[in-house]
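The structure under discussion appears below in the form of structure tokens.
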Amino acid sequence: MKMGRFEGFYLSGVLNSFLLFCNGGTTSRYVSRLEATADMPLDSDVFHVERSTAYQPWIWTVGSHELDFAPQIGETTPFKPFKHRYRTLHRSSGSTEQVWYSIKRGPAYIIVPASYSAYGKYTPEYMWLEQEFPKVNRTETPWLIVLLHSPWYNSYVYHYMEGETMRVMYEPWFIKNKVDIVFAGHVHSYERSIHHQYYEKFEWTWFPQND
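Going left to right, the sequence shown walks through residues 1 to 211 as the UniProt record's numbering numbers them.
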């Protein structure tokens, strides 16, 4: 399989989590000074990445911090700040919302579901994702990658099994269509899992099932 070349950046976690490791620690020190200022808004993150996003594509996923649903102060539109700041090419993939979409980059077909949008059966996101997999042409894009925010598999104490409902909904599709790799954020700890085909629950133990 020809690997090809990837061009672009993917961001699945909180912007600050990414910025802390930029520029040999320079950005880390700068962000620390900004965060020490109580009235400094999180929009400062936008200024830091602007030099990169202005010249090369970034593939955004919405997370828990981008939900911004606060009815107590009159903010009742989910993802409102995100939609104004982080544009995605969602219409080109037939999506009705910029928080879930797909994009082709080099040898990869990249699908980006939204962990914090309605994704149950017959919702717009469900209907869109169901139609996405048949579009994948492995001769053109041999890699099928999924990017999402809340991980389906996570052994960390915080956020444990928060992605379970989405896993139950969509993992059979991922298995059927042989998704190569899934990148997730949310948990501020690094983990990776071994390759597996499917997991069935039996007497509270998970057993891998062959394809």
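Think of the CB as a built atom: it goes at the ideal place given N, C-alpha and C, for glycine as much as any other residue. Keep in mind that this is a model prediction, so the values were computed, not measured.
- Leaving aside the five residues that flank Arg-167 on each side, the residues in its chain whose CB is nearer than 6 Å to its CB run, in chain order, Trp-152.
- Burial state of Gln-98 is buried, judged by a 10 Å Cβ sphere holding 16 or more other Cβ atoms.
- For Tyr-160, the CB contacts under 8 Å within the same chain, skipping 5 residues up- and downstream, are Asn-154 in chain order.
- As a beta-bridge residue in DSSP terms, Ser-102 pairs with Ile-111.
- Annotation for Ile-111: Ser-102, Glu-132, Val-146 place their beta carbon closer than 6 Å to its own, counting only its chain and skipping 5 residues before and after.
- Counting every other CB atom within 10 Å of its CB across the protein chains shown gives Leu-148 a total of 16 or more, marking it as buried.
- A direct Cα-to-Cα measurement between Thr-139 and Arg-192 gives close to 27 Å.
- In the three-state reduction of the DSSP assignment, Phe-183 falls in the strand class, which pools E and B.
- CA-to-CA, the gap between Glu-164 and Ala-184 works out to about 13 Å.
- Residue environment: His-188 is assigned as exposed (fewer than 16 neighbouring CB atoms within 10 Å of its CB, all protein chains considered).
- In the DSSP assignment, Ile-145 forms a beta bridge with Ile-110, Ile-181.
- Beta-bridge partners of Ala-118 (DSSP): none assigned.
- Within the region 52-97, the runs of alpha helix (DSSP H) at least 4 residues long that lie entirely inside it are, in chain order, 80-85.
- The alpha-carbon separation between His-186 and Glu-162 amounts to approximately 10 Å.
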